[in-house]
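Residue numbers (the numbering used here): 479 to 979.
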Ligand code: NAI
Ligand code: MG
């Protein structure tokens, strides 16, 4: 790995964006943290400091929530026509596309992901989410309801429901898809007329701050979107517990998700959670194996395994097990690991030293507990946070590597004899975010999909996302859904209006 060789030259706008300490957006103004504190942002491929951002704490949270509250209670946002709101949201999507290269470079620099992936997936998907949601602004409708009230047999009623914005929403997002996670959260909140305080992840604050500038340029009124940078305990926690917040939407670890629920329980705020996963990916013996093997490798190694839906438990039917293991191992060996800004790179670094230590800790525990390393298993080099794509065999559900979310490029692989034997093992997890099935038998495909306890099941594909398709988890993978019509419902209250006529 020679990360310095052929880097994508930094766009002048990116260079100037990271040169000066970045402020945060509160009530339409860019301001420093009230304490004046800042913290460093690192390039995960070198560990070098690339930027500084404001270290927001409770006082900044208070100011941002107050601004969002004012904007919701008395500003134009919730009162403007749905068409006007939709046009502003559509324009955010347009501006993301107009600034695609700049956003892709910021994302690659900050998160470490390959620049080609940021250009082809993260940024266009974020734009598409706003475009998709913009169309819903004019289509949020209630129902008219015929009543049969038994104790007023002669009365006539006109009863209907209204969908109203839930209010001020606190949104807390992680670092694995910084821009896209911001889009998934902001799209439905803005479309329904809510106002927002968004806390971006401390590891990757840059693209969210740039997105906030684009939202201003698109015409969002002051206070509708407030964006804070800061740490979980000092900025995220007071935001999640704030009494003026009506709903908290969180994506991140299951551990913090449970803290969010506790923080919200004081005043019973609405909560949606998109948490971890340990998703089964199942290859049946009649599958197109070239497709399935490449798909299984992509399911775990995409985004360096830092996907909540990563296909981290691979199951292959006994007769094809050896071929599948060998094939995925071959893919793993062929992956070019390097800096995200090197256009040749297929897999970048993990996001931080914490994640590097966490993933290496899992690799050590796998070895100590007797897992067989088919390929990979080690850190790459000693600069940056790189880990080898890894395939582990001979694991069991008691081993940490099979039971817990690793959030790195590490897959466990197991044989199975029949789908009857397989399904209990595939579903044996506290998580239930996603699953994959590879087969050419349409009956088996759909029967298996129906039996899997997961919020998304991909058949003969993996990691396919669309703004129109809901995403979220069963069990400890979370509450509620993102994207699609389902997400909008979770940002509205339903009001029943009953008039006697
Ligand atoms: P995390 O859950 O600590 O961080 C995610 C977000 O929550 C960040 O913005 C963070 O500042 C904030 N946060 C942290 N503590 C908080 C608190 N007490 N109150 C309010 N907000 C808080 O996740 P972390 O530490 O970055 O990663 C740890 C593990 O979590 C990963 O190894 C992975 O297993 C999982 N994870 C899952 C993600 C997903 O997409 N579902 C994304 C990121 C991490
Ligand atoms: Mg954490």
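No residue lacks a Cβ here, since even glycine has one placed at the ideal position from N, Cα and C.
field: 8 angstroms Cβ cutoff met for residue 893 and residue 867
entry: no
- request: Indicate whether residue 806 and residue 774 have their beta-carbon atoms separated by less than 8 angstroms.
  value: Cβ atoms of residue 806 and residue 774: closer than 8 angstroms.
- request: Could you spell out where the alpha helix (DSSP H) holding residue 543 opens and where it closes?
  value: 536-552
- prompt: Alpha carbon to alpha carbon, how far is residue 646 from residue 605?
  reply: 23 angstroms
- request: With DSSP as the reference, label residue 558 as helix, strand or coil.
  value: coil
- request: Answer with buried or exposed for residue 654, where buried requires no fewer than 16 other C-beta atoms within 10 angstroms of its C-beta.
  value: buried
- prompt: According to the neighbour-count rule (16 or more other Cβ atoms, all chains shown, within 10 Å of its Cβ), is residue 507 buried or exposed?
  reply: exposed
query: Hey, quick one: how far does the beta strand (DSSP E) through residue 516 stretch, first residue to last?
result: 516-520
According to DSSP, residues forming a beta bridge with residue 640: 973
message: Between residue 754 and residue 731, how many whole angstroms is the CB-CB distance? I'm expecting something under 8 angstroms.
response: 6 angstroms
message: Taking the alpha carbon of residue 947 as the reference point, which residue from 611, 847, 973 and 821 has its own alpha carbon closest?
response: For the residues 611, 847, 973 and 821, the minimum Cα distance to residue 947 belongs to 611.
Backbone CA spacing between residue 658 and residue 603 [nearest angstrom]: Each residue's alpha carbon lies about 7 angstroms from the other.
- prompt: Who are the near neighbours of residue 667 in its chain, counting only those whose CB is closer than 6 angstroms to its CB and skipping five residues on each side?
  reply: 647, 674 and 969
query: For residue 785 and chain C, any beta-carbon pair shorter than 8 angstroms?
result: As a matter of chain content, chain C is missing from the structure shown, which is built from one protein chain.
- request: Could you tell me the distance, in whole angstroms, from the CA atom of residue 522 to the CA atom of residue 589?
  value: For residue 522 and residue 589, the distance between alpha carbons rounds to 7 angstroms.
message: Let's test the definition: count the other Cβ atoms within 10 Å of the Cβ of residue 520 and tell me whether it reaches 16, buried, or not, exposed.
response: buried
- prompt: Out of curiosity, what's the CA-to-CA distance linking residue 498 and residue 488?
  reply: 16 angstroms
task: Measure the CB-CB distance between residue 869 and residue 915 and report whether it falls below 8 angstroms.
output: no
- prompt: With distances taken from CA atoms, which of 693, 729 and 761 is nearest residue 897?
  reply: When each option's Cα is compared against that of residue 897, the closest is 761.
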